[in-house]
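Inspection log for the structure reproduced underneath, given as structure tokens.
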Amino acid sequence: MTKERGEPSRAVVLAGGEGTRLRPYTMILPKPLLPITDMPILEILVRQLAQSGFTRIAIASGYLAGLLQAYFDDGRRWNVSIDYTIEEEPLGTAGPLALIDGLDDPFIVTNGDVLTDLDYREFMSFHQERGAIASVATYERDVQVSLGVLEVDEHGDVLSYTEKPKFSYLASMGIYAMQPEVLRFVPNGEHLDLPDLVRTLIVEGERVASYRFSGYWRDLGQPADYQAAIDEFPTVGERILKSEDTR
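Heads up: the sequence shown begins at 9 in my numbering, then just goes up one per residue.
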């Protein structure tokens, strides 16, 4: 049965990467099991999804998959149902979607290493209201250039000179809402990353929406960001987990 508009559906968590930028930590643990205080990154995400009504979670795993399965088991500890796909060969961030059965309703896809207070239910509602085949959660970032920047014409004549300008751009948060029709563009058994999938959707004339978010968000792919998340969690953890005890 199709979900009502705004009602949460399934969630897919991407947890198959080797986390090479976080070595040596990830030599013995998959990145989603690295702790923020005494709780793994992925447990925080599972708790958030459960709070938002996502009771069926698929974990797309590969590297050290057995440790993820041992920790999360079937998910009943968090009142959710968790199942797993295991990549024999790396399939990228979008390729694993072809391995997951039952994605018949709108679903969330999220990296397993993001820390945010995004409301996943609200994001799904936005996606369904926009009528897009996919929606990307986005975050505004600023880049401060430490040099003077020149604009020149085809002859090399200077048109403008700006000292240490600041540029703003929208970055993907690594969190997506998708219609099941997206799976038509995901070939079975082939490597495909989410940026390539989004580009394909656009080229094919499909509507892709941007959900602009201004709350708390950290991608934990770099050691500095991982350490910052540990430092910030005592302050932001209550907001991220809402009324839950953040230990």
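C-beta atoms are modelled at their ideal positions from N, C-alpha and C, and glycine is treated no differently.
Note that the coordinates shown come from a computational prediction; the quantities given were computed from them, not determined experimentally.
- Within the same chain, no Cβ atom closer than 6 Å to the Cβ of E130 is found once the five residues on either side in sequence are excluded.
- Contact between L105 and F221 does not hold, since the beta-carbon distance rounds to 23 Å and is not under 8 Å.
- Counting only residues of its own chain and dropping the five nearest sequence neighbours on each side, F241 has a CB closer than 6 Å to the CB of I44 and T45.
- With respect to the 9 Å criterion, D91 and A66 are classified as neighbours on the basis of their beta carbons.
- Secondary structure note for R64: its beta strand (DSSP E) is the uninterrupted segment R64 to S69.
- Short of 7 Å from the beta carbon of S180, and not among the five residues preceding or following it, lie these beta carbons of its own chain, in chain order: V144 and T146.
- Considering only E51, E159 and L178, the residue with the shortest C-alpha distance to Y169 is E159.
- The segment 91-101 and the segment 193-202 touch, with three or more beta-carbon pairs separated by less than 8 Å.
- When C-alpha distances from A58 are compared across M132, A217 and Y128, the shortest belongs to Y128.
- Of all alpha-carbon atoms in G229, A236, E189 and A237, the one lying nearest the alpha-carbon of V216 is that of E189.
- A direct Cα-Cα distance of roughly 10 Å separates D233 from W225.
- One alpha carbon belongs to D113, the other to A185, and they sit about 11 Å apart.
- According to DSSP, residue pairing for V194 in a beta bridge does not occur.
- When secondary structure is reduced to three states using DSSP, P231 falls in the helix class.
- Annotated as proximal: V20 and I116, with beta-carbon spacing under 9 Å.
- Under the 10 Å beta carbon count, N119 is surrounded by 16 or more other beta carbons and is classified as buried.
- In the DSSP assignment, A19 falls within the beta strand (DSSP E) that extends over A19 to A23.
- Rounded to whole angstroms, the separation of the alpha carbons of Q136 and I183 is 15 Å.
- Residue pairing of V144 in beta bridges, as defined by DSSP: Y184 and S218.
- When secondary structure is reduced to three states using DSSP, D165 falls in the coil class, being assigned neither helix nor strand.
- Counting only the Cα atoms, Q230 lies some 11 Å from V122.
- Counted as a single uninterrupted DSSP element, the beta strand (DSSP E) harbouring E159 occupies residues G156 to V160.
- Exposure of A78 is indicated by the presence of fewer than 16 other C-beta atoms within 10 angstroms of its C-beta.
- One Cα belongs to L155, the other to P173, and the distance between them is close to 8 Å.
- In this model, A23 and Q152 are separated by some 32 Å (Cα to Cα).
- One thing to note: L41 has its Cβ within 9 Å of the Cβ of L76.
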